[in-house]
Amino acid sequence: MFTNRDLRDLIVPLFIEQFLLMFVSIADTFVVSFSSEADVSGVSLVTSFNTVLIFLFTALSSGGAVIISQYIGSKNKKAASRSAGQLLMVSTVISTIMAALILVFRTQLLRLLFGKIEADVMAACESYLLITTLSLPFLAIYDAGAALCRSVGKTNVTMNVSIVANIINVVGNCVGVFVLKMGAAGVAWPSLISRVLSAAAVTAYCFRKQNPVRYCLGDVLAWDSSLLKKVMGIALPNGVENGVHQLVKVALSSMVALFGTYQIAANGVAQSIWSLASIMGLAMAPVYTTVIGQCMGAGDIDAANLYFKKLNRITLVLSVLWNAFVFAITPLIVRYSAISPEAKELVIWLVLINNIFNGLAYPFAGSLGNGLRAAGDVKFTMTVSITLTIAARLFFSALFGLWLGWGVIGVAVGMSIDLVFRGAIFLRRLKSQKWTRFQLI
């Protein structure tokens, strides 16, 4: 079903797209840092809240991608197109309602989340939240279109849109901050504009009549309860899993805040490098969804097993090579970081621990899990992920970091143990063949 060239054409654009997403995030923070400390703080605080919403939309689009991929595999292009239309409809409705609620209650929400912060920081928060909230429906619409493009193997479409959108975003940030002196709003408006254009471009492509699987206006305006139930059956567990992961991430950040200034600084720099190291695993996850989803939709268990093994090998090799490369350039990154020599040395150790386990374990703990979800094994992966996020990631981070006094090194070890356990369980699940018993369509 998929040649080596087909897999390459899926993987390369997704990797580039993930790299661009990471780069533009760093660029936003870098540009706004030239405005004021209040603007930097406001953007940072609101971004942490927006990240939760982004994960929710990602979970929704992932649920749609699984159903679309399975219908494509079963050669039912009409049902695949209808599923895509329903995904666009429900994404638009949910995101619009959420955006409206946030806009109406934004002042109360900010006070609830961040308490009594300084007036200039609160002003930056309100400005940034107001503008970025307007962009949420367009982000959800883009995610729905991207799910369709990836399901049919057209990852180059989203890559090209992402390149143009990120250029607009970075140039807009520079104009907004350096020329127009708009502060936090100066980096918010370019995000809104780039998301509007991205949503329009992807949606226009998905409506093209030449596409075998595409949007149809009748499907977008309809309400198909059976299809929506299938999509939400994947999306809701995935959303809950992502939500718990974000809550534990916040808890770990609070834990790190107890370890002293130089460890906090080292952890902040290390997390930026960890984000760079995670790109390969994140890029491979949609590949599993498309490939395994189509195999299972076709009812070809043998092909699914074959591609599971092949994708596992590809992901492991690429992940090890990428994590080794990122670790090799870490001393160069650290050299230009404005932190103490003690913190710089700590960053090297933190990146070493993370990259060893991220390279060897994440291909099975993360990317493989996406393949199991694409086969319909959603409740098992959700249960395992939530349980280990709390029982392993949080517990062992507290054990080594707080109780044994290892500090941020202990937190890094605790996070790595989570990956090892999760990867081992998912590998065992794959070999058990229990994932073959599910039928989504």
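If you count the sequence shown from 1, you need to add 10 to reach the numbering used here. Positions of the beta carbon are idealized from the N, C-alpha and C atoms, including for glycine. Just so it is clear, the structure is predicted and the values come from calculations on it, not from any experiment.
One thing to note: A402 has its Cβ within 7 Å of the Cβ of D428.
N322 and P373 have their alpha carbons spaced roughly 7 Å apart. Note on D16: under 16 other CB atoms within 10 angstroms of its CB, so exposed under the neighbour-count rule.
Below 8 Å, enough C-beta pairs join the segment 271-286 and the segment 345-364 to call them touching: three or more. Going by DSSP, G74 is part of the alpha helix (DSSP H) stretching over 47-83. Taking 8 Å as the upper bound for CB-CB distance, L24 and V297 are in contact here, some 7 Å apart. By the CB criterion at 7 Å, V254 and T446 fall outside the cutoff. For Q281, the secondary structure class from DSSP, reduced to helix, strand or coil, is helix.
The closest CA to that of V174, considering only Y272, P200, V430, I112, is found on P200.
Pairwise C-beta distances place the segment 239-257 in contact with the segment 69-76, as three or more of them are shorter than 8 Å. Between T143 and I112, the C-beta gap is smaller than 7 Å, which places the two residues in contact. In this structure, R18 is the residue among R18, I26, N368 with its C-alpha nearest to the C-alpha of G163. Beta-carbon to beta-carbon, S91 and V258 are separated by about 38 Å, too far to satisfy the 8 Å threshold.
Here V197 is near D38, since their CB atoms are less than 7 Å apart. Only exposed fits M11, as fewer than 16 other CB atoms lie within 10 angstroms of its CB. For S201, the enclosing alpha helix (DSSP H) stretches over residues 194-216.
When secondary structure is reduced to three states using DSSP, C184 falls in the helix class. Contact between T391 and G376 does not hold, since the beta-carbon distance rounds to 11 Å and is not under 8 Å. Rounded to the nearest whole angstrom, the CA to CA distance from G52 to I141 is 13 Å.
In the displayed model, T13 falls within coil according to three-state DSSP, outside both helix and strand.
Annotation for S263: the continuous alpha helix (DSSP H) segment containing it runs 235-266. About 4 Å separates the Cβ atoms of Y138 and A194, confirming a contact at the 8 Å cut-off. Inclusion of M99 and V206 in the CB contact set at 7 Å is not warranted, their separation being larger than that value. Boundaries cannot be given for V162, as no alpha helix (DSSP H) includes it and DSSP labels it neither H nor E. Pairing V42 with V50 gives a Cβ-Cβ distance under 7 Å. The alpha-carbon of F406 is positioned some 8 Å away from that of G420. Of the residues assessed, L190 falls on the exposed side of the cut-off, its CB having fewer than 16 other CB atoms within 10 angstroms.
In the three-state DSSP reduction, S350 falls in the coil class, being neither helix nor strand. In chain order, L55 place their CB closer than 6 Å to the CB of F124, counting only its own chain and leaving out the 5 sequence neighbours on each side.
The C-beta of Q273 has 16 or more other C-beta atoms within 10 Å across all chains shown, which makes the residue buried. Cα atoms of R160 and L268: separation of roughly 42 Å, rounded to the nearest angstrom. For the segment 318-385, the continuous alpha helix (DSSP H) assignments of 4+ residues that do not extend past its boundaries occur at 351-370, 378-384, in sequence order. Counting other Cβ atoms within 10 Å of its Cβ, E352 stays below 16 and is therefore classed as exposed. For the set M108, I107, M169, the Cα lying nearest the Cα of I26 is the one of M169. In the three-state scheme derived from DSSP, where H, G and I count as helix and E and B as strand, C226 is classed as coil. About 4 Å separates the CB atoms of G369 and V330; that is less than 8 Å, so the two are in contact.
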